[in-house]
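As structure tokens, the structure follows; a few thoughts come after it.
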Amino acid sequence: MERAATEDTWTLAGRTLRSRLIVGTGKYRDAEQTKACLERSGAEIVTVALRRVDLSAKDNLLSWIDRDRYTLLPNTAGCYTADEAIRTLRLARELGIADIVKLEVIGDPKTLLPDNEQTLEAAKVLVKEGFAVMPYVSDDPIACRKLQELGCVAVMPLAAPIGSGLGIRNPHNIRFIIEQATVPVIVDAGVGTASDAAVAMELGIDAVLMNTAIAQAREPERMADAMRLAVIAGRQAYRAGRMPMRAHANASSPTSGLIE
Amino acid sequence: MRVVDCPGARLAQWGIVHDLRAVDGPWSGRYVPRSMLRIVINGESREVREGTTVADLVAQLGLRREHVAVELDREIVPRAEHEARVLQDGSTLEIVTFVGGG
Numbered sequence: 021m022e023r024a025a026t027e028d029t030w031t032l033a034g035r036t037l038r039s040r041l042i043v044g045t046g047k048y049r050d051a052e053q054t055k056a057c058l059e060r061s062g063a064e065i066v067t068v069a070l071r072r073v074d075l076s077a078k079d080n081l082l083s084w085i086d087r088d089r090y091t092l093l094p095n096t097a098g099c100y101t102a103d104e105a106i107r108t109l110r111l112a113r114e115l116g117i118a119d120i121v122k123l124e125v126i127g128d129p130k131t132l133l134p135d136n137e138q139t140l141e142a143a144k145v146l147v148k149e150g151f152a153v154m155p156y157v158s159d160d161p162i163a164c165r166k167l168q169e170l171g172c173v174a175v176m177p178l179a180a181p182i183g184s185g186l187g188i189r190n191p192h193n194i195r196f197i198i199e200q201a202t203v204p205v206i207v208d209a210g211v212g213t214a215s216d217a218a219v220a221m222e223l224g225i226d227a228v229l230m231n232t233a234i235a236q237a238r239e240p241e242r243m244a245d246a247m248r249l250a251v252i253a254g255r256q257a258y259r260a261g262r263m264p265m266r267a268h269a270n271a272s273s274p275t276s277g278l279i280e
Numbered sequence: 501m502r503v504v505d506c507p508g509a510r511l512a513q514w515g516i517v518h519d520l521r522a523v524d525g526p527w528s529g530r531y532v533p534r535s536m537l538r539i540v541i542n543g544e545s546r547e548v549r550e551g552t553t554v555a556d557l558v559a560q561l562g563l564r565r566e567h568v569a570v571e572l573d574r575e576i577v578p579r580a581e582h583e584a585r586v587l588q589d590g591s592t593l594e595i596v597t598f599v600g601g602g
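Taken in sequence, the protein lines are chains A and B. Quick note on the working numbering: the first sequence kicks off at 21 and runs consecutively. Quick note on the working numbering: the second sequence kicks off at 501 and runs consecutively.
As structure tokens, then:
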């Protein structure tokens, strides 16, 4: 991994992480492609979903994923109520996975936008039960503030709807969320391509979480590479501090000493 | 097989049933044929032998115990209790695992 990334760590629920890219494991062609993309993304945390076992499936994700290398982050995708999400994560914990969980309570099947009210309710219960909760939430500074106040270990505002690839729709709100943040801010959902990831990182967030942007690229492996680099580039640009924008040109070469 | 004076033992001797269970404790000498239970696994109805435990069922389904979490009648059965939890007629189970997701 690039030196720039290794010397710039961040902390999530007591873990020190080098990679600022968290990736999903859904929508890939097969286990081989998933593995290749995880590897090239450089991610240290990867999300997984909980479902009924498929008795005809020949291999289980847990049998091929390298759990020494990747921290699994179980999600509650498909849950529409706080109760369903809590039930799902209790089962996930029974599978012996680490305490960090991605809480996601959806309010509508068409937009897959979060139901912040149900999310808050579930977060309250889960925090009490000792889970390290990472809630997926609207890009709403108030909801994010409430979630961090009740003990969530990160807040994960969306860039745009899940799987839409529309990029950061409201950078101002993401900035408000960062300004007030006492926990890591992770942009989750809506990133479409490398520039979206870089823009997100340039805002000063701590990490980006994505799945579809890599899995549904024409060449997922190459896009995983692009995303790794974009996250590093965006983070470095944020740390470097960009030049001010000007309405007019400003010459880069000296204006004196010109030949006559 | 030891033949004792009870209907189940007689049936076993004649080869009609092969699986007996003791009644009134293990040393009573009284046996009856095991019956089948109807249970629901992940929404699908299935028959299992009386006395089947959660651990037996997971093994019968060809699953690795460390790859699944089990809910019995909406209550999580911790892995350490799989051996001890016996299924009842009408038991409803959810058996879940991790799959790819974002």
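Built from N, CA and C at the ideal position, the CB exists for glycine as well. Predicted, not measured: the structure shown is a model, and the values here were computed from it.
How would you write the range of the beta strand (DSSP E) that residue i sits in, first residue to last?
i, result
"P526 of chain B", "Element bounds for P526 of chain B: n/a, residue is neither H nor E."
"M265 of chain A", "Note, M265 of chain A: premise wrong, no beta strand (DSSP E); not H, not E."
"E594 of chain B", "T592 to G600"
"K47 of chain A", "K47 of chain A -> no beta strand (DSSP E), and no H or E assigned at all."
Does any CB atom of chain C fall closer than 8 Å to the CB of residue i?
i, result
"L557 of chain B", "Among the protein chains of the structure shown, namely A and B, there is no chain C."
Could you check how far apart the C-beta atoms of residue i and residue j are, in whole angstroms? I think they sit under 8 Å.
i, j, result
"A105 of chain A", "L92 of chain A", "With 8 Å as the limit, A105 of chain A and L92 of chain A do not qualify as a contact, their Cβ atoms being about 17 Å apart."
"D208 of chain A", "L178 of chain A", "6 Å"
"G210 of chain A", "P181 of chain A", "6 Å"
"R538 of chain B", "S545 of chain B", "6 Å"
"L109 of chain A", "T96 of chain A", "6 Å"
"G212 of chain A", "L229 of chain A", "Actually they are not in contact, since the Cβ atoms of G212 of chain A and L229 of chain A sit about 14 Å apart, beyond 8 Å."
"V558 of chain B", "R585 of chain B", "Actually they are not in contact, since the Cβ atoms of V558 of chain B and R585 of chain B sit about 11 Å apart, beyond 8 Å."
For residue i, I'd like the list of residues in its chain whose CB is within less than 8 Å of its CB, leaving aside the five on either flank, ordered along the chain.
i, result
"I576 of chain B", "A569 and V570"
"E547 of chain B", "M536, L537, R538 and I539"
"R189 of chain A", "D159, A179, A180 and G210"
Along the chain, where does the alpha helix (DSSP H) that runs through residue i open and close?
i, result
"S272 of chain A", "Note, S272 of chain A: premise wrong, no alpha helix (DSSP H); not H, not E."
"S215 of chain A", "A214 to E222"
"L557 of chain B", "V554 to Q560"
"E581 of chain B", "It is not in any alpha helix (DSSP H) - E581 of chain B carries neither H nor E in the DSSP assignment."
Mind checking residue i: buried by the 16 CB within 10 Å criterion, or exposed?
i, result
"E199 of chain A", "exposed"
"N270 of chain A", "exposed"
"E583 of chain B", "exposed"
"Q588 of chain B", "exposed"
"Q560 of chain B", "exposed"
"D86 of chain A", "exposed"
"M501 of chain B", "Here the model assigns M501 of chain B a pLDDT of 45, short of 50, so the residue's position is not dependable and the matter cannot be decided."
"A260 of chain A", "exposed"
"S39 of chain A", "buried"
"S528 of chain B", "exposed"
"A102 of chain A", "buried"
"L37 of chain A", "buried"
"I162 of chain A", "exposed"
"A246 of chain A", "buried"
"M176 of chain A", "buried"
"G600 of chain B", "buried"
Excluding the 5 residues flanking residue i on each side, which residues of the same chain have their C-beta closer than 6 Å to its C-beta?
i, result
"N231 of chain A", "G44 and G46"
"E222 of chain A", "G254, A257 and Y258"
"G183 of chain A", "T232"
"E550 of chain B", "R534, S535 and L537"
"A244 of chain A", "C57, R60, S61 and I234"
"F196 of chain A", "P161"
"V219 of chain A", "I188"
Can you find the residues in the same chain that come closer than 7 Å, C-beta to C-beta, to residue i, ignoring five residues on each side of it along the sequence?
i, result
"G127 of chain A", "L133, P134 and D135"
"I225 of chain A", "I194, I198, V205, I206 and V207"
"G62 of chain A", "M21, S39, L41 and R248"
"V153 of chain A", "V121, L123, A143, L146, V147, C172 and V173"
"A112 of chain A", "L70, P94 and V121"
"Q236 of chain A", "K47"
Item checked: Proximal residues, the stretch 125 to 142 of chain A versus chain B, C-beta separation under 8 Å -> none
Checklist line | Contact set between the stretch 558 to 578 of chain B and chain A, restricted to residues whose Cβ is under 9 Å from the partner | finding: L561, G562, L563, R564, E566, H567, V568, A569, V570, E571, R574, I576, V577 and P578
Note to self: Any C-beta of chain B within less than 9 Å: which residues of the stretch 66 to 85 of chain A qualify?
What the structure shows: T67, V68, A69, L70, R71, R72, V73, D74, L75, A77, N80, L81, L82, S83 and I85
Margin query: Counting only Cβ-Cβ distances shorter than 9 Å, please list the residues of the stretch 51 to 67 of chain A near chain B, keeping chain order.
Written below: A51, T54 and T67
Note to self: So if I threshold CB-CB distances at 9 Å, which residues from the stretch 99 to 110 of chain A count as touching chain B?
What the structure shows: R107, T108 and R110
Notebook entry, point to check: Of the residues that make up the stretch 211 to 229 of chain A, which ones have a beta carbon closer than 7 Å to any beta carbon in chain B?
Noted result: none
Item checked: Residues of the stretch 150 to 174 of chain A with Cβ closer than 7 Å to any Cβ of chain B, in chain order -> none
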